[in-house]
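Visitor: In the numbering used here, the protein residues as written are 75 to 186.
Even glycine gets a Cβ: it sits at the ideal position worked out from N, Cα and C.
In this text, all values refer to a predicted model and were calculated from it rather than measured experimentally.
1. Just the C-alpha distance for residue 153 and residue 91, rounded to the nearest angstrom, thanks.
2. Would you be able to state if there are at least three C-beta pairs under 8 Å between the segment 108-119 and the segment 128-148?
3. State yes or no: is the C-beta of residue 162 within less than 9 Å of the C-beta of residue 125?
4. Are the beta-carbon atoms of residue 187 and residue 97 separated by less than 9 Å?
5. I need the DSSP call for residue 155, collapsed to helix, strand or coil.
6. Run the CB neighbour count on residue 129, radius 10 Å, all protein chains shown included, and call it buried at 16 or more, exposed below.
7. Can you tell me whether residue 150 is buried or exposed? The criterion is at least 16 other CB atoms within 10 Å of its CB, across all chains shown.
8. Could you check what DSSP says for residue 200 in three-state terms: helix, strand or coil?
9. Out of 168, 155, 148 and 133, which has the shortest C-alpha to C-alpha gap to residue 102?
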């Protein structure tokens, strides 16, 4: 007897051990509330990028602490920065965010 599948799988395929290790570093970076908020602030900022000067105000943290959190997000491959004069402007890396969202997007299964 063949069991019927009631639902489409959550993902199209399985991930390798290397992919799981890489993604776990990304999730570790996002597991901190400050970093999660920073990523959100950058992604939601008009024009899709934010000056570090715009990112310090919403937090009761020192500038070096904010810089540390931005460095962790950068090293995780979620954001990139560009120095313009004395300021650094950050933007999200769309491919990285798409990759994360694809993990939780149900796979399309053709209708029988």
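Guide: So, from the data block:
1. Residue numbering aside, residue 153 sits at position 79 when the chain shown is read from its first letter. Residue numbering aside, residue 91 sits at position 17 when the chain shown is read from its first letter. Spanning the two alpha carbons is a distance of roughly 24 Å.
2. The segment 128-148 is in contact with the segment 108-119.
3. Sequence index remark: in the chain shown, residue 162 carries index 88 (1-based). Sequence index remark: in the chain shown, residue 125 carries index 51 (1-based). Closer than 9 Å, so yes.
4. Residue 187 is absent from the model: the chain starts at 75 and stops at 186.
5. As a first step, residue 155 is located in the chain shown; it is residue number 81 there, counting from the start. Strand, per DSSP.
6. Residue numbering aside, residue 129 sits at position 55 when the chain shown is read from its first letter. Residue 129 sits buried, since 16 or more C-beta atoms from the chains shown fall within 10 Å of its C-beta.
7. The count along the chain shown starts at 1 and reaches residue 150 at position 76. Under the 10 Å beta carbon count, residue 150 is surrounded by 16 or more other beta carbons and is classified as buried.
8. The chain is shown only over 75 to 186; residue 200 falls outside these bounds and no answer can be derived.
9. For the purposes of this step, residue 102 is identified with residue 28 of the chain shown, where counting begins at 1. Nearest C-alpha to residue 102: 148.
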